[in-house]
Amino acid sequence: MLLPIQIQSANIVTGLLAGVYAVKCSVFVERGGSRSVVYFEYERSGSGSLCAVDALFLDGEGNARMSDFAFLPDGIWRDSFGVTATSLDALLPQEVANYVFAAEFNLPDVSVGGGNAG
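Numbering-wise (my numbering), the sequence shown opens with residue 9 and increments by one.
Here it is in structure tokens:
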């Protein structure tokens, strides 16, 4: 949602509360394989909880697929296709559950004007 990459998505940045968001980038790789996923996790300052995720899925042939996920006010997650679930894990591709942690980076905060004052 917050990466400067245009994708067609049910989630829009203006759906987030206005404010400053801490950004953490985590990389997970397929054990014994060549696939990986890069997660950009966004937490609104002072909220103490994850609000949005951008995920870049990379396969062994060099193909990339981007998805985003938003945590909605009613306590459910929505993916870029509009599918909802009570947990983020339920919206991720099944194979990601077997990936192993490779690296984590704290990135500069991002500021969102948002359509909501919060």
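For each residue, glycine too, the CB sits at the ideal point set by N, CA and C.
Predicted model, so just to flag it, every value in this text is computed and none were measured.
- Sequence-distant partners of Leu-99 (beyond 5 residues in either direction) whose C-beta falls short of 7 Å from its own C-beta, in its chain, are Phe-77, Trp-85, Asp-87, Val-91, Ala-93.
- For Cys-33, the CB contacts under 6 Å within the same chain, skipping 5 residues up- and downstream, are Phe-48, Phe-113, Leu-115 in chain order.
- Beyond the five residues adjoining it in sequence on each side, Ala-111 comes within less than 7 Å, by CB distance, of Val-35 in the same chain, given in chain order.
- Excluding sequence positions up to five before and after Val-46, its CB lies within less than 6 Å of the CB of Val-35, Leu-64, all in the same chain and listed in chain order.
- Leu-99 carries a helical assignment under DSSP once its states are collapsed to helix, strand and coil.
- Looking from the CA of Ser-44, the closest CA among Gly-70, Asp-117, Leu-96 belongs to Gly-70.
- Rounded to the nearest angstrom, the gap between the Cα atoms of Asp-62 and Val-31 is 10 Å.
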